[in-house]
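Asker: Residue numbers (the working numbering), protein chains in the order written: chain W, 1 to 133; chain U, 1001 to 1133.
One structure, pasted below without further comment.
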């Protein structure tokens, strides 16, 4: 089960300490720069689309199984599968973003809290009602 | 970027032709059977919780970049990043499920359309409003 990077995040967020915990908590716009080999897989994407971006959180600690939620030591430890901690056995990040701009092989999105240089491993549409699929 | 299976799906769905396209389109209950080494990461999970399960769709074709949405040849081809097709460069499945039952190292969930034997690579909570996190 070997992932390949299909794209990379280009973002003003450089340090983990500066990144918000979730995209809707004040994350800046970021560019997703796609590998030329997968551009066809973007056919149909439009400004305003809501997408789910999956990243590989390459600075995470994969041996962590419990954490204090949101790093708050006053809250009891919880299993990482009940939190969005980047530290987890498979550090896949899940981000809901909105497409702000298309520019050839890259897409500018709103609300992405991933750090600059983070590998992107998949992009999916947000699903609407069953009848609209 | 090497994934490890943290769990495996045990489901009555054996053949791809019998699986619904999405969990909310008639998928059966399934068990997620966790590896003993990650059980601590489930600390806090309760019946009724809504979870996001990420799977590795091991029967997918990773070279596919465009598809007819929902396999319907009357619909124009679209990039796989705008569809939930299992065929995509990194075949990660994204499933929203509800916890129906806890039983030691396994969890019964509703609405999981993954096939029997599918590896599970991550579990995350569905996020509520910012104030509730």
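Note that CB positions come from ideal geometry on N, CA and C, so glycine has one too.
Just so we're clear, the structure is a prediction, and the values are computed from it rather than from any experiment.
Could you work out which residues of chain W lie near residue 1090(U), taking near to mean beta carbons separated by less than 8 Å?
Answerer: Neighbours of residue 1090(U) on chain W, chain order: 3, 4, 6, 54, 121 and 122.
Asker: To be precise: take each residue of the stretch 62-86 of chain W, compare its Cβ to all Cβ atoms of chain U, and keep it if any distance is under 8 Å. Which residues remain?
Answerer: The stretch 62-86 of chain W vs chain U, Cβ under 8 Å: 65, 66, 69, 70, 77, 78, 79, 80, 81, 82, 83 and 84.
Asker: Report the rounded CA-to-CA distance for residue 31(W) versus residue 1103(U), giving the unit in angstroms.
Answerer: Going from the Cα of residue 31(W) to the Cα of residue 1103(U) covers about 43 Å.
Asker: Check the Cβ of residue 125(W) against every Cβ in chain U and list those closer than 9 Å, keeping chain order.
Answerer: Residues of chain U passing the Cβ test: 1081, 1082, 1083 and 1084.
Asker: Count Cβ pairs between the stretch 1063-1074 of chain U and the stretch 91-103 of chain W that sit closer than 8 Å; are there 3 or more?
Answerer: Contact fails: fewer than three Cβ-Cβ distances are below 8 Å.
Asker: Where does residue 1036(U) land, buried or exposed, given buried means 16+ other C-beta within 10 angstroms?
Answerer: The residue is exposed, with fewer than 16 neighbouring Cβ atoms inside 10 Å.
Asker: Write down the C-beta distance between residue 1005(U) and residue 1126(U) rounded to the nearest angstrom, noting that I regard them as a contact closer than 8 Å.
Answerer: Not really, about 22 Å apart at Cβ, beyond 8 Å.
Asker: When the cut-off is 8 Å and only beta carbons count, does residue 1045(U) lie next to chain W?
Answerer: Closer than 8 Å: yes.
Asker: Applying a beta-carbon distance threshold of less than 7 Å, which residues of chain U neighbour residue 40(W)?
Answerer: 1065, 1066 and 1079, listed in chain order.
Asker: Find out if the Cβ-Cβ distance for the pair residue 79(W), residue 1007(U) is shorter than 8 Å.
Answerer: No, Cβ-Cβ distance for residue 79(W) and residue 1007(U) is not below 8 Å.
Asker: Should residue 1076(U) be labelled buried (16 or more other beta-carbon atoms within 10 Å of its own) or exposed?
Answerer: Looking at its Cβ environment, which holds fewer than 16 other Cβ atoms inside 10 Å, residue 1076(U) is exposed.
Asker: Counting only Cβ pairs nearer than 9 Å, list the residues of chain W close to residue 1094(U).
Answerer: Simply 52, 54, 94, 122 and 124.
Asker: Straight-line CA distance for residue 1055(U) to residue 18(W)?
Answerer: About 31 Å.
Asker: Are residue 1058(U) and residue 1118(U) touching if we call contact CB-CB under 8 Å?
Answerer: Yes. Within cutoff.
Asker: Look up residue 37(W) in the DSSP assignment and give the residues it is bridged to.
Answerer: Paired residues: none, contrary to the question.
Asker: Give the secondary structure of residue 51(W) by DSSP, where H, G and I count as helix, E and B as strand, and everything else as coil.
Answerer: Looking at residue 51(W) - three-state DSSP - the assignment turns out to be strand.
Asker: On the CB-based measure, 16 or more other CB atoms within 10 Å of its CB, does residue 1113(U) come out buried or exposed?
Answerer: Looking at its Cβ environment, which holds 16 or more other Cβ atoms inside 10 Å, residue 1113(U) is buried.
Asker: Could you please give the first and the last residue of the uninterrupted beta strand (DSSP E) stretch that includes residue 104(W)?
Answerer: Note, residue 104(W): premise wrong, no beta strand (DSSP E); not H, not E.
Asker: Could you pull the start and end residues of the beta strand (DSSP E) that residue 121(W) belongs to?
Answerer: Segment 119-125, the beta strand (DSSP E) holding residue 121(W).
Asker: Where does the unbroken beta strand (DSSP E) through residue 1008(U) begin, and where does it stop?
Answerer: It spans 1007-1010 - the beta strand (DSSP E) in which residue 1008(U) sits, taken as one unbroken run.
Asker: Report the rounded CA-to-CA distance for residue 1053(U) versus residue 1095(U), giving the unit in angstroms.
Answerer: Answer to the nearest angstrom: the Cα atoms are 5 Å apart.
Asker: Can you tell me whether DSSP reads residue 1128(U) as helix, strand or coil?
Answerer: Coil.
Asker: Count the other CB atoms within 10 Å of the CB of residue 70(W); is the residue buried (16 or more) or exposed (fewer)?
Answerer: Residue 70(W) comes out exposed.
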